[in-house]
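Residue numbering for the sequence shown is 157 to 343, as defined by our numbering. For every residue, glycine included, the Cβ atom is placed at its ideal position computed from N, Cα and C.
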Amino acid sequence: MRLFAAVVPPPQAIEHLDAFLEPRRAAADLRWTRPEQLHLTLAFMAEVPTRRLEPYVETLATSLDDLAPCELSLAGAVVFPDVSRARVLAVGATGAPADLDLLGTLAVRTRNAAVNSGIAVDGQRFRPHVTVARTGGRPMEMTSWVRLLDTYAGPSWSLDSVTLVASHLGEGPRRTPRYETVAQVLL
């Protein structure tokens with residue numbers, strides 16, 4: 157199964173971001189992420205054998221048991237790979253330095269727990285973000301979108317768990333992925 161470990165913002169944070177984006181969506185031909193699919197990926201695993209899921213959840217729980225919840229909010233713009241030829245538009249995460257450090261620690265530990273459970277992890281560098289739109293494959297200049305999203309500052313919320321989500325490609329509306337929560341590990 158395709159699996160990712162993620163921080164899923166609470167409904168009030170998602171609703172706030174969605175209300176900010178809604179009147180702006182018609183301004184560009186982008187594939188917008190549905191609100192129920194918004195998340196901050198800590199680790200992505202393209203192939204997870206079913207037999208490895210339970211050991212991963214157990215290893216992950218053990219590796220996170222000394223961490224306490226922290227406060228985050230969604231704010232600012234992130235684009236990939238860069239503003240002049242972007243394919244992904246995202247909002248960043250912000251908080252106190254110690255809380256952002258904890259977010260980085262969560263990414264490292266979710267990845268290490270996967271590797272220690274015999275699961276290969278996508279090795280891309282962690283840059284906290286919540287993808288709000290994609291270009292559909294063609295690169296696009298996004299300076300105006302970066303300026304717009306840089307004005308966004310969402311409400312603060314408590315990050316108190318890591319969610320493991322299975323991604324079923326093509327099973328959602330308009331052949332988008334369907335997400336299924338398979339486990340949640342509390343901090």
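- In this chain, H172 is not harboured by any beta strand (DSSP E); it is covered by the alpha helix (DSSP H) spanning 167 to 177.
- Under the three-state reduction of DSSP output, S312 falls in the coil class, being neither helix nor strand.
- In this structure, V286 lies away from L228, with their beta-carbon atoms at least 8 Å apart.
- CA-CA distance, G310 to R290, rounds to 21 Å.
- For S317, the secondary structure class from DSSP, reduced to helix, strand or coil, is strand.
- Between W301 and P165, the C-beta spacing is not below 8 Å.
- For A184, the secondary structure class from DSSP, reduced to helix, strand or coil, is coil.
- Straight-line measurement puts the Cα of V341 at about 6 Å from the Cα of A217.
- Non-local C-beta neighbours of V234 in its own chain, meaning closer than 6 Å and more than five positions away in sequence, comprise A246, G248, H285, ordered along the chain.
- V264 is positioned such that its CB atom lies no closer than 8 Å to that of A270.
- Shown here for A224: same chain residues with a beta carbon closer than 7 Å to its own, the five before and five after excluded, namely L343 in chain order.
- Pairing P253 with T307, the inter-Cα distance amounts to about 20 Å.
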